[in-house]
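Enquirer: Residue numbers (my numbering): 4 to 292.
Just so you know, even glycine gets a beta-carbon here, dropped at the ideal spot from N, CA and C.
Pasting a structure below so you can have a look.
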Ligand code: SF4
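Pasting the structure below:
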């Protein structure tokens, strides 16, 4: 792994001897591998999504709910063989899919593990959207479903939240590539997604104007029929020091963004307030690792 350039940070470090921005070494590190029931209904279904939560993150938003793994790197280093066995175990537990959460620093290991064991269920790439086209092309054919976030349009906001003023430019190009790879969404007879892209957007407090720019971009630039998941569960975390992000969104803020979602004729998923109030962050206690 000499000169890692797997993500847009392009640190260029040899991760066998040094870590880059993501804080990860050469081995895959996983914090939890278990059935997960809190994705969109066509991903979680009745039996759950087989979520593999990788440690480290290439974006590291200040408001991240998964701080212990994304910022602090908690988790356990495992071999490629063990990763392949985890895929098999989750499939055996009845998972509808294998859901690889923030796996970008470990793309070569993921591909090697899939070469050892390719499950008979869809492979989901669950990402911040901050991806290079080169790395996405490595995943072409290996990934069936992409679940990218599209977080912010404003370079100022992306710089403030994640030190990545190029976030929108990068993520928007990445999502177009994801749509190119998978085409229109495909669902099975039970309504479970088999192939496609779901674009997720989390509304931030005080940032509804930026949310509307995100929705406008989707409507104007992505193929019609790509589902959009509009999320209202933003939760202020004690580690987030950004002024204004210390509260939940209001009903009025949600209503404003939702009105645009409807006016643009977008379809996909929206959250009831009750669901947002019970937003669920799993224990990163190495379950299933
Ligand atoms: S994956 Fe990690 S080390 Fe590699 S370029 Fe991205 S942040 Fe840097």
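#1: Under the three-state reduction of DSSP, which class applies to residue 51: helix, strand or coil?
#2: Ignoring anything shorter than 3 residues or poking outside the segment 46 to 124, list the beta strand (DSSP E) runs there in chain order.
#3: Which two residues bound the contiguous alpha helix (DSSP H) that contains residue 149?
#4: Does the Cβ of residue 181 lie closer than 8 Å to at least one heavy atom of the ligand SF4?
#5: Going by DSSP in three states, residue 16 sits in which element: helix, strand or coil?
#6: At a cut-off of 8 Å, is residue 108 close to the ligand SF4 when judged by its beta-carbon and the heavy atoms of the ligand?
#7: For residue 21, is the classification buried or exposed, using 16 other Cβ atoms within 10 angstroms of its Cβ as the cut-off for buried?
#8: Could you check if residue 173 belongs to the surroundings of the ligand SF4, using beta carbon to heavy atom distance under 8 Å?
#9: What does the alpha-carbon distance come out to for the pair residue 243 and residue 249?
#10: Consider the C-beta atom of residue 16 and the heavy atoms of the ligand SF4; say whether any pair is separated by less than 8 Å.
#11: Bridge partners for residue 232 per DSSP, in chain order?
#12: Count the CB pairs spanning the segment 73 to 87 and the segment 106 to 121 that are closer than 8 Å, and state whether there are at least three.
#13: Residue 13: beta carbon under 8 Å from a heavy atom of the ligand SF4?
#14: Which one of 62, 39, 56, 42 has the shortest CA to CA distance from residue 14?
#15: Relative to the alpha-carbon of residue 219, which residue among 237, 175, 101, 43 has its alpha-carbon at the smallest distance?
#16: Less than 8 Å between C-beta atoms, sequence neighbours within five positions excluded: which residues of the same chain meet that for residue 6?
#17: Using 8 Å for Cβ pairs, my map puts residue 251 next to residue 237. What's the rounded Cβ distance?
#18: What does the alpha-carbon distance come out to for the pair residue 77 and residue 166?
#19: Compute every distance between the C-beta of residue 130 and the non-hydrogen atoms of the ligand SF4, then say whether any falls below 8 Å.
#20: Does residue 143 come out as helix, strand or coil in the three-state DSSP assignment?
#21: Report all residues from its chain with a CB closer than 6 Å to the CB of residue 164; omit the five preceding and five following residues, and keep chain order.
#22: If you follow the beta strand (DSSP E) that residue 38 is part of, which residue opens it and which one closes it?
#23: Tell me whether residue 142, by its Cβ, gets closer than 8 Å to a heavy atom of the ligand SF4.
#24: How many Å lie between residue 281 and residue 201 at the Cα?
Expert: Considering the structure as presented:
#1: Within the chain shown, the letter at position 48 stands for residue 51. Three-state DSSP puts residue 51 in coil, outside helix and strand.
#2: 52 to 57, 101 to 104
#3: Walking along the chain shown from the start, residue 149 turns up at place 146. Where residue 149 is concerned, there is no enclosing alpha helix (DSSP H), although the beta strand (DSSP E) it sits in stretches over 148 to 151.
#4: As a working mapping, residue 181 is identified with position 178 in the chain shown. False, no ligand heavy atom lies under 8 Å from that Cβ.
#5: Your numbering for residue 16 matches position 13 in the chain shown. DSSP places residue 16 in coil when its eight states are reduced to three.
#6: Reading the chain shown from its first residue, position 105 is the one you call residue 108. Correct: residue 108 has its Cβ closer than 8 Å to the ligand SF4.
#7: Your numbering for residue 21 matches position 18 in the chain shown. Exposed, by the Cβ-count rule.
#8: Numbered from its first residue, the chain shown carries residue 173 at position 170. Result no, Cβ not under 8 Å from the ligand SF4.
#9: Numbered from 1 along the chain shown, position 240 holds the residue referred to as residue 243. Numbered from 1 along the chain shown, position 246 holds the residue referred to as residue 249. So the two alpha carbons sit approximately 8 Å from each other.
#10: Here residue 16 corresponds to residue number 13 of the chain shown, with the count starting at 1. Distances taken from the Cβ of residue 16 to the heavy atoms of the ligand SF4 include one shorter than 8 Å.
#11: By one-based count along the chain shown, residue 232 stands at place 229. DSSP, once it has assigned bridges, lists 203, 272 as partnering residue 232.
#12: yes
#13: Locating residue 13 in the chain shown gives position 10, counting from the first residue. Within the cutoff, so yes.
#14: Taking the first residue of the chain shown as 1, we reach residue 14 at position 11. The shortest C-alpha separation from residue 14 is found at 62.
#15: Looking up residue 219 in the chain shown gives position 216. For the residues 237, 175, 101, 43, the minimum Cα distance to residue 219 belongs to 175.
#16: Position 3 of the chain shown, counting from 1, holds the residue named residue 6. Cβ neighbours of residue 6 beyond the five flanking positions: 15, 16, 17.
#17: Here the question's residue 251 lines up with position 248 in the chain shown. Here the question's residue 237 lines up with position 234 in the chain shown. Correct: roughly 6 Å between the Cβ atoms.
#18: As a working mapping, residue 77 is identified with position 74 in the chain shown. As a working mapping, residue 166 is identified with position 163 in the chain shown. Computed Cα separation, rounded: 21 Å.
#19: For the purposes of this step, residue 130 is taken as the residue at position 127 of the chain shown. No, the ligand SF4 has no heavy atom inside 8 Å of this Cβ.
#20: Residue mapping note: residue 143 aligns to position 140 of the chain shown, counting from 1. Under the three-state reduction of DSSP output, residue 143 falls in the strand class.
#21: Taking the first residue of the chain shown as 1, we reach residue 164 at position 161. Cβ neighbours of residue 164 beyond the five flanking positions: 64, 65.
#22: Here residue 38 refers to the residue found at position 35 of the chain shown. Unbroken beta strand (DSSP E) run through residue 38: 32 to 39.
#23: Taking the first residue of the chain shown as 1, we reach residue 142 at position 139. Outside the cutoff, so no.
#24: Start at 1 with the first residue of the chain shown, and residue 281 comes out as number 278. Start at 1 with the first residue of the chain shown, and residue 201 comes out as number 198. Unreliable placement is indicated for residue 281, whose pLDDT of 47 sits below 50; no coordinate value is reported for it.
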